[in-house]
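Residue numbers (the UniProt record's numbering): 1 to 272.
For every residue, glycine included, the Cβ atom is placed at its ideal position computed from N, Cα and C.
Working notes, beginning with the structure itself.
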């Protein structure tokens, strides 16, 4: 990975923030760890990372390509996952991520893979949703899955897990079911499985990732390290400060949507 990644990520986010409706974040560090821990790949290459990302992209777009019992259109993600225009960065979790060697002796029922989606070890971004609040949650199942099993799995999750939703939003799970099982690259790292799930959740805990990125940016920008390369390509130094301010505002936005609603009685007008 490149040293200037924090610059590139923050400049890109700032530039696209007003123009994209929904953006799925992927963190190299998180995917490297998934490859090492779940797939036993000691030194993951970009091919290994991209195959994992490919599964997520495939799940998100499956409804456009295949028929399903409960299809979810791409525009529905935006409608169901984005409460405010700037809060449009869902956390992506995928399960099962399992190597061919392990697949022979693992059952991987609907309940198990749904449960795995709430494990930080399967997330594509390093953050802890247990420290944040969910605004919306979307589960995209594919393969041998029936609604009855999904409902049972979600009911169990709701009772067992300490999943905290914001108090201004109904605590529903949007579900998509597609009959087409996931396909894997022949001879690749991932096992061929009968069913898989991709969870997209809008959670305030993703602000942790922004905070980490901003910190790395600040360390370099304080010394103006590597900035001359960008200026040499025609950028202005002021663009860095502007992008950084925008990201600070984004962190604040996430902090505010996670706050509990307090209705002040004296602020309410007498007649409506």
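Burial of residue 133 is indicated by the presence of at least 16 other C-beta atoms within 10 angstroms of its C-beta. Taken atom to atom, the span from the alpha-carbon of residue 253 to that of residue 51 is near 33 Å. The segment 11-29 and the segment 238-248 touch, with no fewer than 3 CB-CB distances between them shorter than 8 Å. Closest option to residue 72, judged by alpha-carbon separation, among 223, 178, 224: 178.
Proximity to residue 172 across 30, 231, 209, 80 peaks at 80, based on C-alpha coordinates. Counting only residues of its own chain and dropping the five nearest sequence neighbours on each side, residue 145 has a CB closer than 6 Å to the CB of 110, 177, 195. Residue 8 and residue 24 have their alpha carbons spaced roughly 16 Å apart. Around the CB of residue 229, fewer than 16 other CB atoms lie within 10 Å, so the residue is classed as exposed. Remark: C-beta atoms of residue 99 and residue 40 approach each other more closely than 9 Å. With a cutoff of 9 Å on beta-carbon distance, residue 84 and residue 56 are scored as not near each other.
Counting only unbroken stretches of 4 or more residues, the alpha helix (DSSP H) elements lying wholly within the UniProt domain "Tubulin/FtsZ 2-layer sandwich" (70-215) are 74-81, 100-103, 110-116, 147-160, in sequence order. Close CB contacts of residue 261 within its chain, under the 7 Å cut and outside five residues either way in sequence, are with 167, 168 (chain order). Take residue 60, set aside five residues on each side of it, and the residues of its chain with a beta-carbon closer than 8 Å to its own are 24, 74, 77, 140, 198, 200, in chain order. Per DSSP, residue 256 is one residue of the alpha helix (DSSP H) stretching across 237-257. Leaving aside the five residues that flank residue 30 on each side, the residues in its chain whose CB is nearer than 8 Å to its CB run, in chain order, 123, 124, 125, 126. For residue 156, the closest C-alpha among the options 186, 18, 181, 118 is that of 118. Rounded to the nearest whole angstrom, the CA to CA distance from residue 204 to residue 220 is 26 Å.
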